[in-house]
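Colleague: Below is a structure I'd like to ask you about.
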Amino acid sequence: MSAVPLEFRGGLAYHWATLVATVRMHLEVDTLYPTNVLQQALFPVLSYVTWRVTYTVSGRSTVGGVGPSAFLLVGMVGLLTWRLTVLGSGYSIEDERSEGTIGALFLTPVSRAVIILGHGLASFAGMLPTYAVIVIVGFLIGARLDVTDPLAVALALLSIVVASLSIGFALAGLFILSRRGNLVANSLQSPIYFLAGFIVPRTELPEWLRPLSNILPAGPAVDALRASTLSGATLGGISHTLGLAFGTSALWALIGYLSLRRVEYAAKRSGQLELY
Amino acid sequence: MLQVNKRGAEAKGSDAAIVADRLRRVYTKRGRLFSRPGVTVAVDEVSFSVPRGTIFGLLGPNGAGKTTTIKMLSTLLIPTSGTATVGGYDVVRDERLVRRQLGVVLGGERGLYGYLTGWDNLVYFGNLYGMTSGCIRRRAVEVLELVGLEERAHERVEGYSRGMKQRLHLAKALLHDPPILVLDEPTIGLDPAAAVDLRAAIAALVPERTVLLTTHDMHEADQLCREIAIIDRGKIVAQGSPAELKRRAEGERRIVVATREPLSHRDGAVEARLRDLSIARSFDRATTPDGGTELTVRCGDAASALDVTLAVLREQGVSVSEVRVIEPTLEDVFLSVSGRSLG
């Protein structure tokens, strides 16, 4: 027995400490190898340049009412946030499985949601330097911003993070049950880049794809960021779009929370929790 | 801050730390393109209770249902039927409370973050259990010292040997100072010296804590456990203290008598004489390296059997070079209750 009685945290302090510990642990592992950091920075820059060249080749000088460089700059910020945050949170449970730690993790009384959130936030935090790289590249290739309300920009950025976390949260449950959930998620990535308006304006999508685009919270979130950074929109001007982004995010988060509980029970019932 | 000094089970005043009541676990395999559906009963109506402050062993061969049983007790698997409580809490209804009571060593190569150091693993798991930062640091030092890993604590776990990982598993299980520990094959894969050290550490856990231990090592069960349940093909086939269980296998006691010269020239005469006296259940005969004969007699009453055997050998003019009495082991108990060896 411990010589001195141990002290335990309760309630919010417990969740907060778990969140911070998970973020720290994730960042520590992610930055172990410099190639990881380099790869994270290279992917969005290469995507950015590739899509910019595609627009040049197509002969379009404006996209969604602004220059292609500016349009894609915001799209790449959205794409980067989406990609790493969704993958960070969504894959967190699958990573625990492949690492062989899911049993040890589920033996603790910790909230699974906090762990997933921690991994998602850590992925976001880990790519903060990459934002700077993208913005610099954007300015070098002619992107110009028009910001009048920094609060609107900040909330629009937050809405992209929240949108990405909510979808990652919903995917995490899927990964508890499926041993190859990442294959499903990977194959959905490219269609989502289009549907969320990262690469082409959502208004230019075919009519029949609009409903699918509307259920993805990243779509309105990116629209709000474009309006606030490229057209000088104020918070009042984007409030409806932001409301839509946060509202659909809440819905996905709720689906994620319920499915997480449901699938954990199902995995324990079927004996699949630790299989990989 | 929460001061955890009153644990649920103590509050409930039960004498048993763990109670399993007719636990059953069935795995259903769905039919696929190239395989038929099937049903495997991994654990079949298993019942036992573990008194507080004792080490209780689940002994059985690989695939007997030991790990499945402890996974149900530690909330990683939901029983198909039956109930179980840990520290007075139901393993299905109160799973979070059960997890707070438990330290579990599932062991092996998995269950630790290989990229992190041993220290960082403990700090992370300490946070997952809700321990305060100061408490984690103090306790991590204590448990690392207890398992003898303090000098390697700041190395990455992926570089640890199997034995070091096993010791870190135990440190992790002890970190939040749980009143109940579940150890699944804790010494499997360890070299003999490391196994001895780890057994000593486990023995020192009682009476402050309760330990449920699974093993297929009879020596380990015999040495550590106050009570043992022998499990085979998902069912408990015998239960009791090591001494009680061995008494059930009294017929498996053996006396071994080595003779200076071979018994072949009196072929069958000695056995026939002993058989006439009805002292033995069976005989085995082997040749010793120096050309004599080693006669093994299975019997219930070793003292009488030894007297009679020696008398018969004297009567036949055979000189004896060595006499041994081998008490029944848990292997014999397992053999007698299941009809097969522990393997």
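So the protein sequences, as listed, match chains A and B. Position 27 of the first sequence, counting from 1, maps to 1419 under my numbering, and the rest follow consecutively. Position 256 of the second sequence, counting from 1, maps to 334 under my numbering, and the rest follow consecutively. Glycine included, C-beta positions come from ideal geometry on N, C-alpha and C.
What's the C-alpha gap between Pro1583/A and Tyr1657/A?
Modeller: Whole-angstrom Cα-Cα distance: 31 Å.
Colleague: Identify, in the order they occur along the chain, each residue of the same chain with its Cβ nearer than 7 Å to the Cβ of Ala251/B, setting aside the five sequence neighbours on each side.
Modeller: These residues qualify, in order along the chain: Gly181, Val182, Val183, Leu259.
Colleague: Is it buried or exposed, Trp1644/A, if we count other Cβ atoms within 10 angstroms and call 16 or more buried?
Modeller: Buried, by the Cβ-count rule.
Colleague: Thinking C-alpha only, which one of Glu330/B, Tyr207/B, Val117/B is nearest Gly378/B?
Modeller: Of the listed residues, the one whose Cα sits closest to Gly378/B is Glu330/B.
Colleague: Under 8 Å, CB to CB, which of the residues in the segment 246-261 of chain B have a partner in chain A?
Modeller: Listed by position along the chain: Lys250, His254, Asp255.
Colleague: Whose Cβ in chain A lies nearer than 9 Å to the Cβ of Thr163/B?
Modeller: Ordered by position in chain A, no residue passes the 9 Å Cβ test against Thr163/B, which lies about 17 Å from the chain.
Colleague: Strictly by DSSP, which residues pair up with Val401/B?
Modeller: DSSP, once it has assigned bridges, lists Val335/B as partnering Val401/B.
Colleague: Which of helix, strand or coil does DSSP assign to Gly116/B?
Modeller: Gly116/B: strand per DSSP, three-state reduction.
Colleague: Can you name the residues of chain B whose CB is closer than 8 Å to the CB of Met1417/A?
Modeller: Here the neighbours are Tyr191, Leu194, Asp198, Tyr202.
Colleague: For Phe1590/A, name the three-state secondary structure that DSSP assigns.
Modeller: Phe1590/A: coil per DSSP, three-state reduction.
Colleague: Can the beta-carbon of Ala1564/A be found less than 7 Å from the beta-carbon of Ile1630/A?
Modeller: No, the Cβ-Cβ distance between Ala1564/A and Ile1630/A is not below 7 Å.
Colleague: Between the C-alpha atoms of Tyr1483/A and Leu206/B, what's the straight-line distance to the nearest angstrom?
Modeller: When rounded, the distance between both Cα atoms is 19 Å.
Colleague: So, with DSSP's three-state summary, where would you put Tyr105/B?
Modeller: DSSP places Tyr105/B in strand when its eight states are reduced to three.
Colleague: Under 7 Å between C-beta atoms, does Gly143/B make it to chain A?
Modeller: Answer no: the Cβ-Cβ gap between Gly143/B and chain A never drops below 7 Å.
Colleague: Can you pull out the residues from the segment 205-239 of chain B whose beta carbon lies closer than 7 Å to at least one beta carbon of chain A?
Modeller: If the cut-off is 7 Å between Cβ atoms, the segment 205-239 of chain B has Asn205, Leu206, Tyr207, Gly208, Met209, Thr210, Cys213, Arg217, Glu220 near chain A.
Colleague: List the residues of chain B that Tyr1406/A touches, going by C-beta distances under 7 Å, in chain order.
Modeller: Chain B residues near Tyr1406/A: Gly208.
Colleague: What residue does the beta strand (DSSP E) around Leu291/B start on, and which one ends it?
Modeller: That run of the beta strand (DSSP E) goes 288-293.
Colleague: Taking Gly1663/A as the reference, which of Lys324/B, Arg177/B, Val117/B has the closest Cα?
Modeller: It is Val117/B.
Colleague: What residue range is occupied by the uninterrupted beta strand (DSSP E) comprising Ser1641/A?
Modeller: Ser1641/A -> not in any beta strand (DSSP E); alpha helix (DSSP H) instead, spanning 1627-1662.
Colleague: Determine the burial state of Trp1600/A: buried for a count of at least 16 other Cβ atoms within 10 Å of its Cβ, exposed for fewer.
Modeller: Burial call: exposed.
Colleague: Could you please give the first and the last residue of the uninterrupted alpha helix (DSSP H) stretch that includes Gly1518/A?
Modeller: 1504-1518 is the span of the alpha helix (DSSP H), which, as asked, contains Gly1518/A.
Colleague: Taking the runs of the alpha helix (DSSP H) that are 4 residues or longer, which of them lie wholly in the segment 234-272 of chain B?
Modeller: Runs found: 240-252.
Colleague: Any beta-carbon of chain A closer than 7 Å to the one on Ala95/B?
Modeller: By this cut-off, Ala95/B is not an interface position.
Colleague: Determine whether the Cβ of Pro1501/A lies closer than 7 Å to any Cβ atom of chain D.
Modeller: Of the protein chains in this structure, namely A and B, none is chain D.
Colleague: When the Cα atoms are used, what is the spatial distance from Gly295/B to Gln301/B?
Modeller: Rather than Gly, the amino acid found at residue 295/B in this sequence is Asp. So the alpha carbons of these two residues sit roughly 10 Å apart.
Colleague: Between the segment 1514-1523 of chain A and the segment 1425-1444 of chain A, do three or more beta carbon pairs fall short of 8 Å?
Modeller: Because the criterion of three Cβ pairs below 8 Å is met, the segment 1514-1523 of chain A and the segment 1425-1444 of chain A touch.
Colleague: With DSSP collapsed to three states, give me the class of Arg1672/A.
Modeller: The shown model of chain A, from 1393 to 1668, leaves out residue 1672/A, and the question about it has no answer.
Colleague: Looking at Gly1480/A and Ser1515/A, is the spacing between their C-beta atoms short of 7 Å?
Modeller: Contact: yes.
Colleague: Taking 7 Å as the CB-CB cut-off, is Pro108/B touching chain A?
Modeller: In the sequence as presented, Pro is not what sits at residue 108/B; that position holds Arg. It does not: the Cβ of Arg108/B has no partner Cβ on chain A nearer than 7 Å.
Colleague: How many Å lie between Ala282/B and Thr1414/A at the Cα?
Modeller: Computed Cα separation, rounded: 33 Å.
Colleague: To the nearest angstrom, report how far apart Thr1500/A and Phe1638/A are at their CA atoms.
Modeller: Spanning the two alpha carbons is a distance of roughly 31 Å.
Colleague: Would you grab the beta carbon distance between Leu1617/A and Ala1548/A for me? Rounded to a whole angstrom, and I think it's under 8 Å.
Modeller: With 8 Å as the limit, Leu1617/A and Ala1548/A qualify as a contact, their Cβ atoms being about 4 Å apart.
Colleague: Could you check whether the Cβ of Arg114/B sits closer than 7 Å to any Cβ belonging to chain A?
Modeller: No, its Cβ sits nowhere closer than 7 Å to a Cβ of chain A.
Colleague: I'd like to check one pair, Ala316/B with Val164/B: are the Cβ atoms closer than 7 Å?
Modeller: No.
Colleague: Counting only beta-carbon atoms, is Arg1444/A nearer than 7 Å to chain B?
Modeller: Not an interface residue.
Colleague: For Val1592/A and Phe1586/A, what's the separation of their Cα atoms in angstroms?
Modeller: Their Cα atoms are separated by approximately 6 Å.
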